[in-house]
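Engineer: full-length UniProt numbering numbers the first residue of the sequence shown as 1 and each following residue consecutively.
Right, I'll just put the structure down here and ask away after.
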Amino acid sequence: MTSEQRVVVIGGGLAGLRLAARLGPAAAVTVLGEESHAPYNRVLLAEVLAGRYTPDVAALPAPGPVLRRGVRAVRIDRDVRRVHCDDGTAPEYDVLVLATGSNPVLPPLRGLFPPGGGELPEGVHAFRTMDDCLALDAAVRPGVRAVVIGGGLLGVSAARALAARGAHVVLAQQAERLMERQLDADSAALLREHLAGLGVEIHTECRVRGLTTTPAAGLTTAPPAFEALGVP
Ligand SMILES: Cc1cc2nc3c(=O)[nH]c(=O)nc-3n(C[C@H](O)[C@H](O)[C@H](O)COP(=O)(O)OP(=O)(O)OC[C@H]3O[C@@H](n4cnc5c(N)ncnc54)[C@H](O)[C@@H]3O)c2cc1C
């Protein structure tokens, strides 16, 4: 790699930024990151939601001008080696890196999306980005009822964080135990005990099939439709 080589990295998450830092001045690096927030450590989002950390604690070292924040790559033209972005720019590359991470798996629940697709209903959230975290943060308050669908790492983290904020949390997990991919039965039982101690109501072998929402559902203390969505 030479310092004249143009490296375009799509994705300003941990992987993309770490690569940019490692390359340093050895190449002309541009990182395209669609999120508008300053780069952050996604792993710490549950602690931010719990109120234990402020968002700035989760910040990653500033990457400097290599990162173009709030810019989404929408098309790659391999013939002329250009990446087309949603702001109309089209940087050229010698080397292109895809570090786009993943999207939440949204289960095929009845009522999750309006017919023909669209946005998640009001009061329903995925849990992956800082925007998700801040939206949940704005919605949660003591006594609010929150249903977390999914008892994997993210569902458990979200349930714990929401309970720490005083929400009444119901967690629905389709497997027979929590975090079934990571934990054996004994460890999962300990985790269940811990969450129950925080006031989380846990339902295992509970497959959620659908949800109903009211126009202004939001996160309210009223008898709920499903209100919060954690994705395992
Ligand atoms: C709450 C939470 C807790 C977690 N805890 C742990 C943990 O304890 N341990 C662990 O190992 N992992 C954990 N993870 C998973 C970990 O965060 C991911 O494995 C890690 O973030 C992956 O890094 P990445 O850079 O590959 O992808 P990401 O962090 O997803 O970054 C990809 C970036 O690319 C951007 N992007 C996507 N498409 C485009 C495009 N077309 N144009 C421009 N930008 C684009 C996205 O907006 C995103 O910012 C957790 C995740 C979450 C959400």
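We put the beta carbon where it would ideally sit given N, CA and C, even for glycine.
#1: What number of angstroms, rounded off, separates the C-alpha of Val43 from the C-alpha of Thr214?
#2: Helix, strand or coil: how does DSSP classify Cys85 here?
#3: Measure how close the beta-carbons of Ser3 and Ala26 come, nearest whole angstrom, since I'm counting them as under 8 Å.
#4: Suppose the cutoff is 6 Å on Cβ atoms and the five residues either side in sequence are ignored; what does the same chain contact list for Gln174 look like?
#5: Quick one, which of Asp79, Val83, Gly12 has its alpha-carbon nearest Gly101's?
#6: Of the choices Ala163, Leu60, Arg160, Arg110, whose alpha-carbon is the least far from that of His37?
#7: Here's the rule I'm using: 16 or more other beta-carbon atoms within 10 Å means buried, otherwise exposed. How should residue 239 be labelled?
#8: I'd like the span of the beta strand (DSSP E) that includes Leu96, first residue to last.
#9: Between which residues of its own chain and Glu201 is the CB-CB distance below 8 Å, once the five residues before and five after are set aside?
#10: What are the boundary residues of the alpha helix (DSSP H) that includes Glu47?
#11: In angstroms with no decimal places, state the Cα-to-Cα distance between Ala146 and Arg110.
#12: By a C-beta neighbour count over all protein chains shown, 10 Å radius and 16 as the cutoff for buried, is Met1 buried or exposed?
#13: Gly151: buried (16+ other C-beta within 10 angstroms of its C-beta) or exposed?
#14: If I follow the unbroken beta strand (DSSP E) through Asp77, where does it start and stop?
#15: Taking only heavy atoms of ligand 1 into account, decide whether any of them is closer than 7 Å to the Cβ of Thr100.
#16: Are there any heavy atoms of ligand 1 lying less than 7 Å away from the beta-carbon of Leu153, as far as the coordinates show?
#17: State the Cα-Cα distance for the pair Cys133 and Arg81, rounded to the nearest angstrom.
#18: Answer with buried or exposed for Leu67, where buried requires no fewer than 16 other C-beta atoms within 10 angstroms of its C-beta.
#19: Nearest to Pro55 by alpha carbon, out of Val31, Gly64, Val71, Thr129?
#20: What residue ranges within the region 116–156 form continuous beta strand (DSSP E) runs of no fewer than 3 residues, ordered along the chain?
#21: Whole angstroms is fine: what's the gap from Gly218's alpha carbon to Val29's?
Structural biologist: The answer reads as follows:
#1: The C-alpha of Val43 lies about 32 Å from the C-alpha of Thr214.
#2: Three-state DSSP puts Cys85 in a strand.
#3: Their Cβ separation, rounded to whole angstroms, is 6 Å, which keeps Ser3 and Ala26 in contact under 8 Å.
#4: Result list for Gln174: Arg207, in chain order.
#5: Closest option to Gly101, Cα to Cα, is Gly12.
#6: With respect to the C-alpha of His37, the residue from Ala163, Leu60, Arg160, Arg110 having the closest C-alpha is Leu60.
#7: This structure cannot speak to residue 239, because the chain is shown only from 1 to 232.
#8: In the DSSP assignment, Leu96 falls within the unbroken beta strand (DSSP E) covering 95–98.
#9: Once the five neighbours on either side are set aside, the close Cβ partners of Glu201 are His168, Val169, Val170, Leu171.
#10: Under the DSSP assignment, Glu47 falls in the alpha helix (DSSP H) whose first and last residues are 45–50.
#11: Each residue's alpha carbon lies about 18 Å from the other.
#12: When all chains shown are included, Met1 counts as exposed.
#13: Classification of Gly151: buried, given that the 10 Å Cβ count is 16 or more.
#14: Start and end: 73–77.
#15: Proximity of the beta carbon of Thr100 to ligand 1 is indicated: a heavy atom of the ligand is located closer than 7 Å.
#16: Within the cutoff, so yes.
#17: When rounded, the distance between both Cα atoms is 36 Å.
#18: Using a 10 angstroms sphere on the CB of Leu67, the tally of other CB atoms reaches 16 or more, which defines it as buried.
#19: Nearest neighbour of Pro55 by Cα position, chosen from Val31, Gly64, Val71, Thr129, turns out to be Thr129.
#20: Complete beta strand (DSSP E) runs here, min 3: 145–149.
#21: Model confidence at Gly218 stands at a pLDDT of 44, short of 50, so the residue's coordinates are unreliable; what they give is reported in the following sentence. Rounded to the nearest angstrom, the gap between the Cα atoms of Gly218 and Val29 is 42 Å.
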